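Working notes, beginning with the structure itself.
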Amino acid sequence: MSTPIPDLSVERQAFANGAQRVAGMDEVGRGAWAGPVSVGVVMIESTVGPQPEKVRDSKAIAKSVREKLVPEITEWALDSAVGHASPSECDLLGMRAAIALASSRALDALGNVPDVVIVDGPLDLLAAESVEFNALVRNHRWRERSPRVEAIVKADQTCTSVSAASVIAKVTRDQMMSALAENFPPFDFEINVGYPSPQHQRALRGFGLTPLHRRSWRFVDSIPWLMGTDRPRSEPTR
Numbered sequence: 001m002s003t004p005i006p007d008l009s010v011e012r013q014a015f016a017n018g019a020q021r022v023a024g025m026d027e028v029g030r031g032a033w034a035g036p037v038s039v040g041v042v043m044i045e046s047t048v049g050p051q052p053e054k055v056r057d058s059k060a061i062a063k064s065v066r067e068k069l070v071p072e073i074t075e076w077a078l079d080s081a082v083g084h085a086s087p088s089e090c091d092l093l094g095m096r097a098a099i100a101l102a103s104s105r106a107l108d109a110l111g112n113v114p115d116v117v118i119v120d121g122p123l124d125l126l127a128a129e130s131v132e133f134n135a136l137v138r139n140h141r142w143r144e145r146s147p148r149v150e151a152i153v154k155a156d157q158t159c160t161s162v163s164a165a166s167v168i169a170k171v172t173r174d175q176m177m178s179a180l181a182e183n184f185p186p187f188d189f190e191i192n193v194g195y196p197s198p199q200h201q202r203a204l205r206g207f208g209l210t211p212l213h214r215r216s217w218r219f220v221d222s223i224p225w226l227m228g229t230d231r232p233r234s235e236p237t238r
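The numbers in UniProt numbering rise by one with no breaks, and the one at position 208 of the sequence shown is 208.
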């Protein structure tokens, strides 16, 4: 099956409806055992030029292609950014609110607030209701303008701005994990970037959790000396 080629149809419809700036947003790291959850945002305006030729959903293209695309995307876009929520914030907030926090930080890092934000999936990535989340994002600038959010299933495959956001989020997070890998050699973070793998599992059994691990995830139950201990349970399905 061929890889879908995204286009700007949704973005151009938003411009036709009066938007001046439109941003695509996507997350990476949701299913990882270690490291942050990260959200990329790529903002364009109506005068945007032709999209970078090889932009696709980050999961559908090779690492070397993703890395070459990042400078092309940043030159093509009006602005772009990546926001993160730390492993401890994932434990504190749960995954839904942690993604919202990373999304909020990404938007807040832009020079201007977009009028419309397109997100991949059925849910608003910016929405979360908890005292802890609201305290962390209270002073974020974008909240004063509240851009309209359009949640579109498979937008990372069909909307260029969202595909581009998935690429910069993936490359940024992978580079973060590779840089941290030298501090935890047995875990092969430069290869698995925090996701489950045979070596990652062996290292957990032999060395236990690192500061990069999400301690509320279910995989912790398989670490022998932690079995049966009390710990946070914000994300029971991982």
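Think of the CB as a built atom: it goes at the ideal place given N, C-alpha and C, for glycine as much as any other residue.
Computed from a predicted structure; not experimentally measured.
Quiz prompt | Strand pairing of Met43, partner residues [DSSP] | solution = Stepping through the sequence shown from its first residue, residue 43 is reached at position 43. Beta-bridge pairing links Met43 to Ala23 and Asp79.
Self-check item: Straight-line Cα distance separating Val137 from Asp79
Solution: Locating residue 79 in the sequence shown gives position 79, counting from the first residue. Locating residue 137 in the sequence shown gives position 137, counting from the first residue. C-alpha separation (whole angstroms): 21 Å.
Practice problem: Can you tell me which of Asn183, Met177 and Met25 puts its alpha carbon nearest to the alpha carbon of Trp33? | Solution: Counting from one through the sequence shown, the residue named residue 33 turns up at place 33. The shortest Cα separation from Trp33 among Asn183, Met177 and Met25 belongs to Met177.
Practice problem: Name the two residues that bound the continuous beta strand (DSSP E) containing Val10. | Solution: Locating residue 10 in the sequence shown gives position 10, counting from the first residue. Run containing Val10: none in the beta strand (DSSP E); it sits in the alpha helix (DSSP H), Ser9 to Ala16.
Quiz item: Cβ of His140 within 8 Å of Cβ of Asp108?
Solution: The residue you call residue 140 lines up with position 140 of the sequence shown. The residue you call residue 108 lines up with position 108 of the sequence shown. Contact flag set, yes.
Practice problem: Please report the residue range of the alpha helix (DSSP H) in which Ser102 lies. | Solution: What you label residue 102 is simply residue 102 of the sequence shown in a count that begins at 1. Contrary to the premise, residue 102 reads as Ala rather than Ser in this sequence. From DSSP, the alpha helix (DSSP H) with Ala102 extends over Met95 to Asp108.
Exercise. Leaving aside the five residues before and after Ala23 along the sequence, list all residues of the same chain whose C-beta is less than 6 Å from its C-beta, in chain order.
Key: As a working note, residue 23 is residue 23 in the sequence shown. Cβ neighbours of Ala23 beyond the five flanking positions: Val41, Met43, Pro114 and Val117.
Quiz item: Cα separation between Ser216 and Gly29?
Solution: Here residue 216 corresponds to residue number 216 of the sequence shown, with the count starting at 1. Here residue 29 corresponds to residue number 29 of the sequence shown, with the count starting at 1. Their Cα atoms are separated by approximately 15 Å.
Quiz item: Arg202: buried (16+ other C-beta within 10 angstroms of its C-beta) or exposed?
Solution: Here residue 202 is taken as the residue at index 202 of the sequence shown, counted from 1. Exposed, because fewer than 16 other Cβ atoms sit within 10 Å of the Cβ of Arg202.
Exercise. Using alpha carbons as the reference points, say which of Asn183, Asn192 and Gln199 lies closest to Gly31.
Key: Working through the sequence shown from its first residue, we reach residue 31 at position 31. Ranking Asn183, Asn192 and Gln199 by Cα distance to Gly31 puts Asn192 first.
Quiz prompt | Beta-carbon proximity list for Ala81, same chain, < 7 Å, skipping 5 on both sides | solution = Against the sequence shown, residue 81 aligns to sequence position 81. Here the set comprises Val41, Ala106, Ala109 and Leu110.
Quiz item: Along the chain, where does the alpha helix (DSSP H) that runs through Val153 open and close?
Solution: Looking up residue 153 in the sequence shown gives position 153. No alpha helix (DSSP H) holds Val153; DSSP gives it neither H nor E.
Quiz item: Can you list, in chain order, the residues of its chain whose CB lies under 7 Å from that of Gly121, leaving out five sequence neighbours each side?
Solution: Here residue 121 refers to the residue found at position 121 when the sequence shown is read from its first residue. If we look at Gly121 and ignore the five residues flanking it on each side, its Cβ neighbours are Ala151 and Val153.
Self-check item: Host beta strand (DSSP E) of Val191 (start-end)
Solution: Along the sequence shown, read from residue 1 onward, the residue named residue 191 stands at position 191. The sequence given here places Ile at residue 191; Val does not occur at that position. From DSSP, Ile191 is part of no beta strand (DSSP E) but of the alpha helix (DSSP H) over Phe189 to Asn192.
Quiz item: Which partner residues does residue 242 have in the DSSP bridge list?
Solution: In the structure displayed, the chain extends from 1 to 238; residue 242 sits before or after that span and is not available.
Quiz prompt | Asp124 versus Val220, Pro147 and Ile168, residue with shortest Cα-Cα distance | solution = Here residue 124 is taken as the residue at index 124 of the sequence shown, counted from 1. Residue Pro147 is the option with its Cα nearest to Asp124.
Exercise. Please name the residue or residues paired with Val37 in a DSSP beta bridge.
Key: Counting from one through the sequence shown, the residue named residue 37 turns up at place 37. The partner list for Val37 (beta bridge, DSSP) reads Ala85.
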